[in-house]
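Notes to accompany the following structure.
Protein chains: 2
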Amino acid sequence: MNAYTFTPIATIRTPYPQKFGIARQSTLVPAAYGVIELNPKFSTNAIRGLDGFDYLWVQFIFHQTIDEGFSELVRPPRLGGKIKQGVFATRSPHRPNAIGLSLVKIDKIEYDKQIKIHISGVDFLDGTPVLDIKPYLPHIESKPLAKGGFTENRRSVLNVLWAKDFRLPEHIKTLIEQTIAQDPRPAHQHTLPKEFVFDIAGYTVRFICEDNTATITSVQISEQLFRQSCGLTDKF
Amino acid sequence: MNAYTFTPIATIRTPYPQKFGIARQSTLVPAAYGVIELNPKFSTNAIRGLDGFDYLWVQFIFHQTIDEGFSELVRPPRLGGKIKQGVFATRSPHRPNAIGLSLVKIDKIEYDKQIKIHISGVDFLDGTPVLDIKPYLPHIESKPLAKGGFTENRRSVLNVLWAKDFRLPEHIKTLIEQTIAQDPRPAHQHTLPKEFVFDIAGYTVRFICEDNTATITSVQISEQLFRQSCGLTDKF
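Protein sequence lines correspond, in order, to chains S and V. Take 121 as the starting number for the first sequence in my numbering and just add one per residue. Take 121 as the starting number for the second sequence in my numbering and just add one per residue.
What follows is the structure, given as C-alpha cells:
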C-alpha cells in the first residue's frame with residue numbers, strides 16, 4: 121500500500137511534561153487546560169465558524185512513543201493492566217500508526233499573529249503535534265446508548281486530601297486534585313506503599329496513596345518559566 | 121515541523137465508486153454497507169475485544185482528492201454551498217492534511233485469512249485507505265447537548281419515488297432510497313431540471329428531481345462483478 125506523509129498543522133501546549141498524570145481519556149479532567157497553537161501560515165479564515173461549536177476533535181501524533189512501535193495485544197489500565205485486548209479495540213498509543221483521537225472542549229479562540237485555540241479536558245503531552253482539528257457533530261457523533269466494550273467497567277477514582285495548605289491558585293489546586301483523582305498510578309504499582317512524584321503546570325507534586333485515598337504531601341514550583349513559555353500566563 | 125509517514129492498515133470496500141451519492145456524514149444512510157479489509161499481516165489478536173463495541177472510529181485518507189490540496193475557506197453543502205466556512209470548522213475533504221474521521225456501526229467481524237469488519241452507515245469511496253480504527257467510547261464521546269455550529273441547520277431531505285418496480289433485492293432498494301433521500305445533488309444544481317446518474321453497489325441509477333421529490337427512472341446492472349470482487353456477495 122502507498123505510504124502517506126503529513127506535516128503537523130499545530131502544536132499543543134499542556135500542563136503535562138510527562139506521561140504520568142495525563143488522564144486516560146480526554147474530558148475526564150475538565151481542569152486540564154491546553155492551547156492549540158496553529159502554524160502561523162494559517163489565517164483566521166481557516167477557523168471561520170469554529171466558535172459555533174462546543175467541542176473539537178484533535179487528531180494528533182503520539183510523538184513520544186511513536187518510535188516504540190506497536191503490539192497487537194495491549195493491557196488497558198481500565199482492566200487493571202492484567203487483561204489483554206487487541207490494540208484496535210483500545211485507544212492505546214502503541215498503535216500500528218501512532219495517531220491519536222481526542223475530544224476536547226473549546227474554551228476560547230485567540231486571533232493574533234498566530235491562532236490559539238484554548239481547550240480543556242486535554243489528555244496530551246506538552247508539545248504534541250497535531251495532524252488535524254475538526255468540529256464535533258453532536259447529531260452524528262453522540263451515541264449515548266452505544267455499547268462501550270471493556271470500557272464499561274467501573275473506573276477507580278481516588279479521594280484526594282491535602283497534607284497542608286500549599287497556597288496555590290485555585291485553578292492549579294483543582295487541576296492537581298482532578299488529575300490525582302483519576303488515579304495516575306501504573307496498575308502494577310497500586311499496592312506499593314510508595315510516594316509518587318510528577319510535574320504538572322510548572323509544579324512538582326508528591327503524593328502518597330493508602331487504600332482509596334491519595335494525600336498530597338508536597339507541591340513545589342518546578343519550572344518558573346512554564347507559564348510564560350507556554351502562553352498560559354493568565355490561566356496558570 | 122517534522123513530517124510523519126504512515127502506511128494504511130486496511131482498505132474499505134463500499135458501494136460508492138464515485139463521490140456522487142456518498143452521504144455528507146457517516147451514519148446518515150444506515151443501509152450503506154461496507155467492509156474494512158485489514159492488512160493480512162494483522163492476526164485476530166489485533167481486534168480482540170472489538171466485538172464488545174457498537175461503533176467504530178475510522179481515520180482514513182481522502183485518497184481521491186488528496187492531490188487537489190486545500191482551501192482555508194470551503195462551502196459546506198449544509199449551508200447550500202453559498203456560505204464560506206473555515207476548513208477547520210468543517211469536515212471537508214480538502215484539508216491541509218487529507219485525513220478523514222467517520223463513525224460507523226460494527227455489524228459483524230469475520231475472522232478468516234484476512235480480518236474483515238463489516239460496517240454500516242459508511243460515507244467512504246470504494247477503496248478508501250485506512251490509517252487507524254478505534255472503538256467509540258460512549259461515556260466520553262457522547263455529547264448530545266453540544267453546540268453543532270452551522271451543522272444545526274435543518275437538512276433538506278427528498279421524498280423518493282420509483283417510476284416502476286425494478287425488481288431489485290430489498291436491501292438494494294433501501295440503499296438507493298436512503299442515498300437519494302439525502303439529496304446527493306451538488307448545491308448549485310438544485311434548480312436545474314436535469315436527470316442525475318450515478319453508480320451504486322454495482323448498479324447505474326438515474327433519477328429526476330422536482331421540488332422536494334426525486335423519481336428513480338432507471339436502474340441497470342453496471343458492474344456484474346462488483347458484488348463478488350468486493351466480497352459483498354451475500355449482502356448486495
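The C-beta atom is built at its ideal place from N, Cα and C for all residues, glycine as well.
Sequence-distant residues of its chain with Cβ nearer than 6 Å to residue i (five each side left out)
i: S/A143; result: V149, D243 and Q302
i: V/D354; result: Residue placement at V/D354 is flagged as unreliable, the pLDDT there being 49, under the threshold of 50; a coordinate-derived value is accordingly withheld.
i: S/D171; result: I229
i: V/R326; result: E315, V317, T337 and S338
i: V/P304; result: F140 and G141
i: V/G200; result: A307
CB contact check: residue i to chain V, cutoff 9 Å
i: S/R287; result: no
i: S/A109; result: Not covered by the structure: residue 109 of chain S. The range shown for chain S is 121 to 356.
i: S/Y231; result: no
i: S/F208; result: yes
i: S/Q205; result: yes
i: S/E157; result: no
i: S/N122; result: yes
i: S/L148; result: yes
i: S/F356; result: Residue confidence is low: S/F356 scores 46 on pLDDT, short of 50, so the model does not pin down where it sits. Its coordinate-derived value is still stated next. Not an interface residue.
Chain-order list of residues whose beta-carbon lies under 7 Å from that of residue i (same chain, five-residue window excluded)
i: S/A123; result: none
i: V/T333; result: L278, N279 and L281
i: S/L223; result: S146, T147, Y175, W177 and Y256
i: S/T335; result: L281, A283, F327 and I328
i: V/F126; result: L251
Range covered by the alpha helix (DSSP H) that runs through residue i
i: V/E343; result: Per DSSP, V/E343 belongs to no alpha helix (DSSP H) and is neither H nor E.
i: S/I260; result: P258 to E261
Residue span of the beta strand (DSSP E) that contains residue i, given as start and end
i: V/Q234; result: No beta strand (DSSP E) holds V/Q234; DSSP gives it neither H nor E.
i: V/P249; result: T248 to P255
i: V/F316; result: E315 to I320
i: V/K210; result: The sequence as given places Thr at residue 210 of chain V; Lys does not occur at that position. Here V/T210 belongs to no beta strand (DSSP E), and DSSP marks it neither H nor E.
i: V/K157; result: Looking at the sequence provided, one finds Glu at residue 157 of chain V rather than Lys. Here the beta strand (DSSP E) through V/E157 covers Y153 to L158.
i: S/R133; result: A130 to R133
i: S/Q179; result: Y175 to I181
i: S/E330; result: Y323 to E330
i: S/T125; result: Y124 to F126
i: S/V280; result: N279 to W282
Three-state secondary structure assigned by DSSP to residue i
i: V/Q298; result: helix
i: V/L245; result: coil
i: S/D354; result: Because the pLDDT of S/D354 is 49, which lies under 50, any placement of that residue in the model is unreliable, and the number read from its coordinates should be weighed accordingly. Coil.
i: S/L66; result: The first residue shown for chain S is 121 and the last is 356, placing residue 66 of chain S beyond what the model contains.
i: S/K267; result: coil
i: S/H238; result: strand
i: V/L170; result: helix
i: V/K225; result: strand
i: V/N217; result: coil
i: S/N165; result: helix
i: S/L288; result: coil
i: V/I186; result: helix
i: V/A307; result: helix
Residue-level contact to chain S via CB, residue i, 9 Å cutoff
i: V/P213; result: no
i: V/G269; result: yes
i: V/F162; result: yes
i: V/V277; result: no
i: V/E343; result: no
i: V/E272; result: yes
Contact set for residue i: own chain, Cβ-Cβ below 8 Å, skip 5 residues either direction
i: S/K204; result: L193, V194 and R195
i: V/Q179; result: I219, G220, L221, V250, L251, D252, I253 and K254
i: S/I186; result: A218
i: V/D246; result: I132, R133, T134, P135, Y136, P137 and C350
i: V/K233; result: P160
i: S/N273; result: R198 and L199
- Query: Got a sec: which bits of the region 164-197 of chain S sit with their beta carbon under 7 Å from any beta carbon on chain V, in order along the chain?
  - Reply: Residues N165, A166, I167, R168, G169, L170, G172, F173, D174, Y175, W177, Q179, I181, E192 and L193.
- Query: Of all the residues that make up the region 126-146 of chain V, which are near chain S by a beta-carbon distance shorter than 8 Å?
  - Reply: Listed in sequence order: F126, T127, P128, I129, T131, Q145 and S146.
- Query: Can you list, in chain order, the residues of the region 248-267 of chain S whose Cβ is nearer than 8 Å to any Cβ on chain V?
  - Reply: So the close ones are P249, L251, D252, I253, K254, P255, Y256, L257, P258, H259, I260, E261, S262, K263, P264, L265, A266 and K267.
- Message: At a CB distance below 9 Å, what residues from the region 294-321 of chain S approach chain V? Give them in sequence order.
- Response: When C-beta distances to chain V are compared with 9 Å, every residue of the region 294-321 of chain S stays at or above that value.
- Task: Compile a chain-ordered list of the residues in the region 217-247 of chain V whose CB is closer than 7 Å to at least one CB of chain S.
- Result: Per Cβ criterion, the list reads N217, I219, L221 and L223.
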